[in-house]
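*Asks:* Quick mapping for you: the protein sequence lines, in order, are chains H and G. The first sequence begins at 3 in my numbering and counts up by one. The second sequence begins at 4 in my numbering and counts up by one.
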Amino acid sequence: MTVKIVTDTLSDITGDLVAQLGVTVVPLYVRFGEEVYRDRVDISSEDFYRRLVNEPKLPSTTQPTPNDFSEVFNKLAKETDEILVIVVSSKLSGTYQSAMQAREYVEGKCHIVIVDSMSVAMGQGLIVAAAVNAVKKGASLEKVADMARKASNRSHLIAYFDTLKYLAKGGRIGRAKEFLGAMLSVKQILTVRDGEMAPLTRVRSMRAGLDYLTGVVASYKGRIEGLAVEHTTNPGDADILVERISDIYPKERILRSVISPVVGTYSGPNAMAVTILEAENK
Amino acid sequence: MSKVNDIAGQVLRDMFSAATTWLEKSSADIDALNVFPVPDGDTGTNMMLTMRSTMEEAYRAPDNSASGVAHAMAKGALMGARGNSGVILSQVWRGLAQGLDGKESFNTRDMAEAFQKSAEVAYNGVSNPVEGTMLTVMKDVAKEAQTQVEQGEEDIIVMLDAIVTAAGDSVAKTPRLLKVLKDAGVVDAGGQGIYTIMEGALRFLKGETELMRLRKPQIIVSDVPLTVPLPQVAGVDEVPFGYCTEFLIKGEKMEPDEIKRRLEKKGESLIVVGDDSAVRVHIHTLDPGNIIQFGSKLGTLHQVSIRNMDEQHHDFLEMQKERMPATDTAVVAIASGDGLVDVFGSLGAAAVVPGGQTMNPSTKDILQVVQSVPSENVIILPNNKNIILTAEQVQELTEKKIKVVPTKTIPQGVVALLAFDYEADFKTNAEIMEKALSSVKTIEVTKSVRATRINGLHIKRRQPIGLLDDELIAAGDTDLDVISKILNKLNVKQAEVVTIYYGVDVTAEEAENINASIIEQYPNLQVELIKGNQPHYSYILSIE
Chain H
3 MTVKIVTDTL SDITGDLVAQ LGVTVVPLYV RFGEEVYRDR VDISSEDFYR
53 RLVNEPKLPS TTQPTPNDFS EVFNKLAKET DEILVIVVSS KLSGTYQSAM
103 QAREYVEGKC HIVIVDSMSV AMGQGLIVAA AVNAVKKGAS LEKVADMARK
153 ASNRSHLIAY FDTLKYLAKG GRIGRAKEFL GAMLSVKQIL TVRDGEMAPL
203 TRVRSMRAGL DYLTGVVASY KGRIEGLAVE HTTNPGDADI LVERISDIYP
253 KERILRSVIS PVVGTYSGPN AMAVTILEAE NK
Chain G
4 MSKVNDIAGQ VLRDMFSAAT TWLEKSSADI DALNVFPVPD GDTGTNMMLT
54 MRSTMEEAYR APDNSASGVA HAMAKGALMG ARGNSGVILS QVWRGLAQGL
104 DGKESFNTRD MAEAFQKSAE VAYNGVSNPV EGTMLTVMKD VAKEAQTQVE
154 QGEEDIIVML DAIVTAAGDS VAKTPRLLKV LKDAGVVDAG GQGIYTIMEG
204 ALRFLKGETE LMRLRKPQII VSDVPLTVPL PQVAGVDEVP FGYCTEFLIK
254 GEKMEPDEIK RRLEKKGESL IVVGDDSAVR VHIHTLDPGN IIQFGSKLGT
304 LHQVSIRNMD EQHHDFLEMQ KERMPATDTA VVAIASGDGL VDVFGSLGAA
354 AVVPGGQTMN PSTKDILQVV QSVPSENVII LPNNKNIILT AEQVQELTEK
404 KIKVVPTKTI PQGVVALLAF DYEADFKTNA EIMEKALSSV KTIEVTKSVR
454 ATRINGLHIK RRQPIGLLDD ELIAAGDTDL DVISKILNKL NVKQAEVVTI
504 YYGVDVTAEE AENINASIIE QYPNLQVELI KGNQPHYSYI LSIE
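1) Starting from ARG310/G, follow its DSSP beta bridges and name the residues at the other end.
2) Whole-angstrom Cβ separation of THR455/G and ILE462/G, contact assumed at under 8 Å?
3) If you scan the stretch 181-206 of chain G from start to end, which runs of the alpha helix (DSSP H) of 4 or more residues do you find wholly inside it?
4) Against chain G, which members of the stretch 87-104 of chain H pass a CB distance test of less than 9 Å?
5) Check the DSSP bridge columns for GLU470/G and list the partner residues they point to.
6) At the 9 Å Cβ level, is PHE181/H part of the contact set with chain G, yes or no?
7) Output needed for ARG63/G: all residues of its chain with C-beta closer than 7 Å, excluding positions within five of it in sequence on either side, in chain order.
8) Just by C-beta distance, which residues in the stretch 96-126 of chain G are closer than 8 Å to chain H?
9) Pull up the distance between the alpha-carbon of THR277/H and that of ASP14/H, whole angstroms please.
10) To the nearest angstrom, how far is it from the Cα of SER262/H to the Cα of GLY238/H?
11) Output, in chain order, the set of chain H residues within a Cβ distance shorter than 7 Å of PHE423/G.
12) With 16 other CB atoms within 10 Å as the buried threshold, where does ASP66/G fall?
13) Between LEU289/G, GLY302/G, GLU267/G, which has its C-alpha nearest ASN311/G's C-alpha?
14) Give me whichever residues DSSP pairs with HIS74/G in a beta bridge.
15) Given this structure, state the Cα-to-Cα distance separating LEU215/H from ASN389/G, to the nearest angstrom.
16) Rounded to whole angstroms, how far is the Cβ of ILE405/G from the Cβ of GLN415/G, which I believe are closer than 8 Å?
17) Hey, is ARG63/G's beta-carbon within less than 9 Å of any beta-carbon in chain H?
18) Determine the DSSP secondary structure at ARG195/H, reduced to helix, strand or coil.
19) Can you name the start and end residues of the beta strand (DSSP E) that MET274/H belongs to?
20) Within the 9 Å Cβ cut-off, does VAL355/G reach chain H?
21) Please name the residues in the stretch 335-354 of chain G whose beta-carbon is closer than 7 Å to at least one beta-carbon of chain B, in chain order.
22) On the three-pair Cβ rule with 8 Å, is the stretch 7-24 of chain G touching the stretch 152-169 of chain H?
23) State buried or exposed for ASN527/G, treating a residue as buried only when at least 16 other CB atoms are found within 10 Å of its CB.
24) Give the DSSP bridge partners of THR23/G, in chain order.
25) In chain order, which beta strand (DSSP E) runs of at least 3 residues are fully inside the stretch 210-257 of chain H?
26) Going by DSSP, which residues form a beta bridge with ARG40/H?
27) Any Cβ of chain H within less than 9 Å of the Cβ of VAL509/G?
28) Could you say which of VAL122/H, ALA136/H, ASP83/H, LEU212/H lies nearest to GLY110/H if we only look at CA atoms?
29) Under the three-state reduction of DSSP, which class applies to LEU384/G: helix, strand or coil?
30) Output needed in chain order: residues of the stretch 40-67 of chain H with a Cβ under 7 Å from some Cβ in chain G.
31) Could you name the residues of the stretch 67-100 of chain G whose beta carbon sits closer than 9 Å to any beta carbon of chain H, in the order they occur along the chain?
32) State the Cα-Cα distance for the pair THR16/H and ARG42/H, rounded to the nearest angstrom.
33) Taking just the CA atoms, how far does TYR425/G sit from MET362/G?
34) DSSP on GLN235/G, reduced to helix/strand/coil?
35) Measure the C-alpha to C-alpha separation of THR44/H and ARG33/H and round it to an integer number of angstroms.
36) Taking 9 Å as the CB-CB cut-off, is VAL417/G touching chain H?
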């Protein structure tokens, strides 16, 4: 029986990508006041960002319940006895914890391995995609899990946040803390380091941000196994980025997605992210 | 008050149902505390939602035995667990159910055992247990329950009362165990939730349901003073902290709320917990004598402790200095004007040395600040051409490694600091920062100190003059006149962002006018106005 792969919506594997990769995606929850939505099940990205900008209070997000995971596990356990779960960094969400709890409530003897991706968004998504490929090539559960565990070291997510407003309001700043209260309007370039969002540098304009992201992709030229470009409210800017890097990596192989509402709560509108899955050293 | 020696399922259900309502009242306050593990401000709401689900299931329990209700609660909690705190809370109920398994009703001994189970299961449920969280509070709850049993306590109310006090103390101590809490000046949100649930259950057993309708749970105040790491400015005096004063009052018919109200204005970080017979007071005050005297009138004082917090704070700072994992590279900037100091601080400069045009700091001034920052590698931004050389002398006098990025103006200093790369090493960073200097043009506007003739300009005394990248190229009738002349000479079309820092002698209104006029003339530019409060220059403009 083949290994089934499960992830959460923070991987930004949604829409067509879900079917394309054949994975099961468990949604996190987004809450505006008393209203609770399942990420991209009950609320679309468009609706989310519209409300994010217009509502005075920031939405909050919550991990899936252990029950959400155990239902998925029990369902998949009817088709397979090996499940690999790749979840968002445990430093950014309690999703890992929920998945671990859920494992105890699975009937039968299905073997479930849970991997903390130590990343988020396509930084996590490209690891999932790599795992799908490995399974297709016939790798065992242990092999794929091992690959996924190590992959965070070669999954490089570089994000451009057009404003620090949401990052500051949300309080989810991790090591990016030192930039809070900046008096100038600065655009933040962040990355994921040791499972947390960490500051890289700052620029003063979107144009400078695009230059920076392009420069990062160029620095990996020839060593790129997978590449993804994401945006929040600004597909046009993401298109420009894709055009600019298309001579470094074939355009048709670039995965496009929308940054999840959960990360979007902190990035705000007009954000972008590029993720490079660096090829393994052979 | 009547004694309660034995609780069956029905009362178990009712007491935690009351506790849920009690928790609900403070869920927003608990949300506000939430900084760990992820500061997303929803711990209170998550615990409340988890409790609702817990109790809904409890009312569906097949029988009214303690065991039946506890198992139903555990099931409801698991089904409805929200967030990390909810998940851990669900484990607390799971442990309780294990502890009460098969029991029709329970006494103090059973309850202590059940809480012990709760703490164990909660710890086991977390892959990487961290102290200073609700786990610690739950452990302290179990410990106090055990102590009560060992003392032969048979009244569940008395036992729960002691548990609530212990939970309160435990919550107040969470910032000592978890640095993020201390940094944020809050207690652990999940721990506060556990305390509130226990307190709600206790108040129900005491028959205070009417009171619960009128009151709101109290948020425990951190017993560690809040210290926010700010960029240091050399020579700022520290505010005295006073004395951390703690004691226990034993007496009769005391009213903790009233005691709290009386002490509220006497100091900071006040915690008053307890009941009508024993009240624990904690306060940071400049006058401990006064507080002690007040307490001694209410009853007998126990466990009196007065500590000098200036000493504590000093020790704390020393300890921090040692523990601070020397950020690889620190940036020290030179600037004057509190607005500019804030700009550098907000962008991550480790320290700012006061100084600038006509007030150049000495090598020693810079050296002192360089020595005080917790990094072995220091990049200095002189931000004035007359200070570059002084800054370069610092290397001779220190063991630390120094690089001077030769910034000649404030805007150059700002772009250099912005370009700082958190992943790059010391040498690379100095290079990146120096490279960034070419991306900015600086306009400085000041008044001529004497009549002169320079660069083909006839300049009168006190006339507004303008410098472009340190070269005097314009004179005019007004500041705006000078700024416009220089902007006209520049190829502003290629620029994106103009930042205007206005000086200490300029009114906000004058600055707004200049701001408006630039926006009107160059509608495609992003223009920002900042109160720099710098001396000497009425305006400094950065064109990027």
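Beta carbons are placed, not taken as given, at the ideal position from N, Cα and C, and that holds for glycine.
*Replies:* According to the structure shown:
1) Answer is CYS247/G, bridged to ARG310/G.
2) THR455/G to ILE462/G, Cβ: 5 Å. Contact.
3) If we require 4 residues or more, the alpha helix (DSSP H) runs fully inside the stretch 181-206 of chain G come out as 182-187.
4) Taking 9 Å as the Cβ-Cβ cut-off against chain G, the residues of the stretch 87-104 of chain H that qualify are SER92, LYS93, LEU94, SER95, GLY96, TYR98, GLN99, SER100, MET102, GLN103.
5) A small correction: the amino acid at residue 470/G is Leu; Glu does not occupy that position in the sequence shown. In the DSSP output, where bridge partners are listed per residue, LEU470/G has GLU447/G, LEU475/G.
6) Legend: pLDDT at PHE181/H = 47, less than 50; position of this residue unreliable, value from coordinates given subsequently. Against chain G, the CB of PHE181/H has a partner CB under 9 Å away; the residue lies at that interface.
7) Result list for ARG63/G: ALA75, in chain order.
8) Answer set for the stretch 96-126 of chain G: empty.
9) Approximately 12 Å, taken between the alpha carbons.
10) The straight-line gap from Cα to Cα measures roughly 17 Å.
11) What PHE423/G touches in chain H: THR203.
12) Label assigned to ASP66/G: exposed.
13) ASN311/G has its Cα closest to that of LEU289/G, out of LEU289/G, GLY302/G, GLU267/G.
14) For HIS74/G, DSSP assigns no beta-bridge partner whatsoever.
15) Their Cα atoms are separated by approximately 37 Å.
16) Here ILE405/G is actually not in contact with GLN415/G; their C-beta atoms are around 18 Å apart, not less than 8 Å.
17) No Cβ of chain H is located within less than 9 Å of the beta carbon of ARG63/G.
18) Three-state DSSP puts ARG195/H in a strand.
19) Unbroken beta strand (DSSP E) run through MET274/H: 274-280.
20) Chain H, which has no Cβ nearer than 9 Å to the Cβ of VAL355/G, makes this no.
21) No chain B appears in the structure shown, which is made up of the protein chains H and G.
22) Output reads no: the stretch 152-169 of chain H does not touch the stretch 7-24 of chain G.
23) Within 10 angstroms of the beta-carbon of ASN527/G lie fewer than 16 other beta-carbons, which makes it exposed.
24) Paired residue(s): none; THR23/G is not in a bridge.
25) You should have 226-233.
26) Paired residue(s): TYR31/H.
27) False, the Cβ-Cβ gap to chain H never drops below 9 Å.
28) Distance check between GLY110/H and each of VAL122/H, ALA136/H, ASP83/H, LEU212/H places ASP83/H closest, using alpha-carbon atoms only.
29) The answer is strand: DSSP assigns LEU384/G an E or B state.
30) Against chain G - using a Cβ distance shorter than 7 Å - the residues of the stretch 40-67 of chain H are SER62, THR63, THR64, GLN65, THR67.
31) Using a CB distance below 9 Å, the part of the stretch 67-100 of chain G facing chain H consists of LEU81, MET82, GLY83, ALA84, ARG85, GLY86, ASN87, SER88, GLY89, VAL90, ILE91, SER93, GLN94, ordered along the chain.
32) When rounded, the distance between both Cα atoms is 8 Å.
33) Inter-residue distance for MET362/G and TYR425/G is about 32 Å (C-alpha atoms, whole angstroms).
34) Unreliable positioning characterises GLN235/G in this predicted model, as indicated by a pLDDT of 35, which lies under 50. A coordinate reading is not provided.
35) Per the sequence presented here, residue 44/H reads as Asp, with Thr not at that position. Answer to the nearest angstrom: the Cα atoms are 11 Å apart.
36) At least one chain H Cβ lies under 9 Å of VAL417/G.
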